[in-house]
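Trainee: My structure is below; once you've seen it, I'll send some questions.
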Amino acid sequence: MRVGAQMRVGAQYLGGPMPVTAFGRAVEAAGLDSAWCGDHVGHYVDGIAALGCLAGCTNRIRIGTNVLVAPLRPAAVTAKALMTIAENAGPGRVIAGFGVGGEFPAEFTAAGADLRTRGRRTDETLDLVRRLWRGDGPFPDFRIEPVLDPPPEIRVGGRSDAALRRTVRFGSG
76 MRVGAQMRVG
86 AQYLGGPMPV
96 TAFGRAVEAA
106 GLDSAWCGDH
116 VGHYVDGIAA
126 LGCLAGCTNR
136 IRIGTNVLVA
146 PLRPAAVTAK
156 ALMTIAENAG
166 PGRVIAGFGV
176 GGEFPAEFTA
186 AGADLRTRGR
196 RTDETLDLVR
206 RLWRGDGPFP
216 DFRIEPVLDP
226 PPEIRVGGRS
236 DAALRRTVRF
246 GSG
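In our numbering, the protein residues as written are 76 to 248.
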């Protein structure tokens with residue numbers, strides 16, 4: 076930590092008996108800096124739905140996904156959902172964390188996603204999400220509105236060399 080840097084503390088929601096909205100309000104009331112949610116099809120919580128709940132029940136703290144399993148959803152749908160949340164949360168509050176997943180192969184089967192192509196699909200998702208958030212994209216008659224400035228911050232999770240390369244290429248935080 077550099078001299079004069081401020082330590083930030085957040086908490087991650089994993090589901091359980093406390094609803095995500097009560098969790099978000101408790102995190103904010105406790106004076107923490109951020110609230111995070113994971114993302115899995117078969118257990119824990121849906122990251123996009125939980126992030127939307129956090130946006131609606133908090134006013135000050137940063138909120139983020141730690142991490143969305145990118146290859147389980149179409150990229151344009153993910154981009155639009157996160158922009159809707161960011162628009163309603165307010166400027167600079169949303170952090171979109173992405174990862175390839177793979178710890179639970181059955182969720183790929185359940186979602187109709189190919190576990191073997193998850194790295195490539197994640198790269199494609201990150202590229203398209205960033206482009207759509209800038210008002211750009213490969214589709215001639217399609218754009219996501221509104222275009223927010225700034226868009227959500229992107230972070231990339233993972234433990235592999237490919238994840239590190241993905242972080243350098245796409246990460247913004």
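The C-beta atom is built at its ideal place from N, Cα and C for all residues, glycine as well.
#1: Starting from THR133, trace the beta strand (DSSP E) in both directions and tell me its first and last residue.
#2: Output the boundary residues of the beta strand (DSSP E) element that contains ALA188.
#3: When the distance is taken between beta carbons, is LEU203 closer than 8 Å to PHE173?
#4: DSSP on ILE219, reduced to helix/strand/coil?
#5: Using CA atoms only, rank isn't needed, just tell me which of CYS128, ALA124, ASP121 and LEU147 is closest to GLY187.
#6: Have a look at ASP114 and THR140 and give me their C-alpha separation to the nearest angstrom.
#7: Tell me whether VAL102 sits in a helix, a strand or coil according to DSSP, three-state version.
#8: From the DSSP output, read off the bridge partner residues of GLY139.
#9: Using the DSSP secondary-structure output, state which residues sit across from TYR88 in a beta bridge.
#10: Less than 8 Å separating the beta-carbons of GLY117 and GLU199?
#11: Taking the beta carbon of ALA130 as the centre, do at least 16 other beta carbons fall within 10 Å, making it buried, or is it exposed?
#12: Does the distance from the CB of GLY210 to the CB of VAL222 come in under 8 Å?
#13: Quickly, what does DSSP pair GLU228 with across the bridge? List them, please.
#14: Within 10 angstroms of the Cβ of GLY212, are there 16 or more other Cβ atoms? Answer buried if so, exposed if not.
#15: Evaluate PRO226 with the Cβ neighbour count: other Cβ atoms within 10 Å of its Cβ, from every protein chain shown; 16 or more gives buried, anything less gives exposed.
Mentor: The structure says:
#1: THR133 -> no beta strand (DSSP E), and no H or E assigned at all.
#2: ALA188 -> no beta strand (DSSP E), and no H or E assigned at all.
#3: no
#4: coil
#5: LEU147
#6: 7 Å
#7: helix
#8: TRP111 and ILE170
#9: CYS112
#10: no
#11: buried
#12: yes
#13: ILE170
#14: buried
#15: buried
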